[in-house]
Structures are given as structure tokens and as C-alpha cells.
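Each residue of the sequence shown is one higher than the one before, counting from 93 in the numbering used here. For reference, the structure is listed below as C-alpha cells.
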Amino acid sequence: MILSKVQTSTKQRTEFRLLVAIRFACLMAIAKGHTNPMDCQRVQARCAELAKHFAYNHPSPAFHSQFIGHAGELGPSFCLRFTEPKQGLYGSVMVWSNETAPTNVHQLSLSRA
């Protein structure tokens, strides 16, 4: 899991900071009573920051292997999946709680402003 490994490059440290911000926002969303973390505006904002970051930067190999193309752990309670950007879009971020049914996966797709 990328959150528990030592980050060896600037790119990995930036990704780590963004993933920790998303995870913390998800924990706060659940604490505030949201059953789906993507219903919270704070989680959506943090996911938008991650999508924007990858619109202008390539992911590290560790991030690519864990979160692009399949779901990766975002701590013990949450999963995250990032779909690579397409023309005119930032990419999409999906976050869900491991405690909810897999049918409750929600996606945030962002277009460039």
C-alpha cells in the first residue's frame, strides 16, 4: 500500500500528500454521517486535486501499479481507483468505503475548466 511505504521521490511524496488528504476527508465524511464518502464535498474537492495533479504530471510507478486500472487500498477502510485522463478531461477518481456493498461505488469525473 502506497500509504505505508517510504516515499523516495518528490513525485511519490506529492502523491502521498494527496492520498492522505483524500483518506482523511473520507474519515471525516463517515464521522459526519455520510454512508458514501463521495457524497461529501470535501472528499470531492480532494479527489479533484488528485485528478488535476495527474492532468499535468505522470504518476509514479507505485501509484500506477496500485490505483490505475484497478482499485487500490486507501487505508483499511477505503478503496480508490483512478482512471487515466482522456482528451479534454482530467480523469476520474472513484472512492468507496470497504464497509459498503460494491454496488455503491461512485465516480467523480471532471472536465477541464
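Every residue gets a Cβ at the ideal spot worked out from N, C-alpha and C, and that includes glycine.
Within the same chain, P151, F174, E176 come within 7 Å of I160 by CB-CB distance, once the 5 residues on both sides are set aside. The shortest C-alpha to C-alpha distance from A137 to any of A117, R109, Y148, N149 is the one to A117.
With contacts defined as CB atoms closer than 8 Å, R115 and G167 qualify as a contacting pair. Shown here, T175 sits in a strand according to DSSP, grouped into three states. When DSSP assignments are scanned along the region 136-164, no uninterrupted stretch of beta strand (DSSP E) that is 3 or more residues long falls wholly within it. Rounded to whole angstroms, the gap between the alpha carbons of V112 and C132 is 16 Å. The continuous alpha helix (DSSP H) containing L119 extends over residues 102-123. Of the candidates Q158, T100, Y182, C171, Y182 places its Cα closest to the Cα of H145.
Linking Q158 to M130 through their CA atoms gives a straight-line distance of about 20 Å.
Beta-bridge annotation (DSSP): S169 is not paired with any residue.
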